[in-house]
Structures are given as C-alpha cells and as structure tokens.
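See structure below.
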Amino acid sequence: MEQWVVWLIIVILLALIEITTVNLTTIWFVVSGIIALIISLFVGNYIIQFAAFVIVGVILLITTKPFLTKFFKQHKVKTNIDRIIGMTGVVTQAIKKNDDGEVKVDGKKWTAYADKAIKEGNSVKVLEIKGVKIKVEKIGE
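Letter by letter, the sequence shown follows residues 7 to 147 in this note's numbering.
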C-alpha cells in the first residue's frame, strides 16, 4: 500500500474522531497528518513522514489550543434565563424579609426574594437565579 494512502486513512480516522468528540482533541493531528501526506508524495522515508506528523501535531497543539479554548469560552452565549442577571426590574408585589414578592424584568414577571424588604414600585437589580426565583436588591442601597 502506498504511504500516502496510509496517511489519508489516518487523516480520515482522526477527522472522524474529532467530529464525534467536538472537544478539539485531534484536529491538530488531522492537520499534521495532511502535512505528512504531502511529504510522503516527495519523500519516501516513513521515519521522516512520521517525525513531521508528530512534531507538527505537538507544535500546533501547544501553540493553538490555549488560544482556541480561550476564544470559545469568551463567546459563550447566555441562555434566556442567564441574560436577565444584572438587568433592572420593578417590584410589582412587595417583597418582605422572609416572604417572596414579584418583580417584572424584561417584560416577564418573576417570583423574587431579597435580603431586605422592598416596596412595590421600587427598582431592583437581578443578582442571581435559583430555580424559578430570582434574588434582587433595591437599586440605590
């Protein structure tokens, strides 16, 4: 079997692994496999091809994985629920110290609680979400 065919099979297998895992685990070796395939067209020595495969794969892994991991984490899309954290709302039903009230945030009413009592009509900021309730604090405190 021709050496370039072996490299083509390796590249395809690594690409399939990458597609099924989507964790950026083998993408660098797919690229280095392609380079080894190209080298195999010009150089018949398998040791040189394999060395290029390993060296290029490791260099790509070391130099690009931290960047790509950071890039993908920065572009995390918030869910509809997460995006209301930090938004302001209006108390539509008074919140007592140990009793839930109601807050309208982003056009929707939420059951809300707070560390201090907050009167109806006051503006509040959403601090966090626990289950189906939001924790708020009065703006201006």
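Virtual Cβ for every residue (Gly too), placed ideally from N, Cα, C.
> Using the rule of at least 16 other Cβ atoms within 10 Å of the residue's Cβ for burial, across every protein chain shown, is VAL17 buried or exposed?
Replying inline: buried
> Can you tell me the Cα-Cα spacing of GLY190 and GLU134, whole angstroms?
Replying inline: The structure shown does not extend to residue 190, since the chain is modelled only from 7 through 147, so no value can be given for it.
>> With distance defined between alpha-carbon atoms, name the residue in TRP116, GLU143 and MET7 nearest to SER46.
In response: MET7
> Taking the Cβ atom as the reference point for each residue, do LYS125 and GLU143 lie within a distance shorter than 8 Å?
Replying inline: no
> What's the call for LEU43, buried or exposed, on a 16-neighbour Cβ count within 10 Å?
Replying inline: buried
> GLY107 to THR75, Cα distance in whole Å?
Replying inline: 41 Å
>> Does ALA58 pass the burial test, meaning 16 or more other C-beta atoms within 10 Å, or should it be called exposed?
In response: buried
> Straight-line CA distance for GLU136 to LEU30?
Replying inline: It is worth fixing the name first, because residue 136 is Lys in this sequence and not Glu. Rounded to the nearest angstrom, the two C-alpha atoms are 32 Å apart.
> Helix or strand or just coil, what does DSSP make of GLY63?
Replying inline: helix
> Does the Cβ of ILE140 have 16 or more other Cβ atoms within 10 Å, making it buried, or fewer, making it exposed?
Replying inline: buried
> Out of VAL111, VAL12, ILE68 and VAL96, which has the shortest C-alpha to C-alpha gap to ARG89?
Replying inline: VAL111
> If SER129 sits next to THR94, beta carbons under 8 Å apart, how far is it from one beta carbon to the other, in whole angstroms?
Replying inline: 6 Å
>> Quick check: GLN55 and VAL49, are their CB atoms within less than 8 Å of each other?
In response: yes
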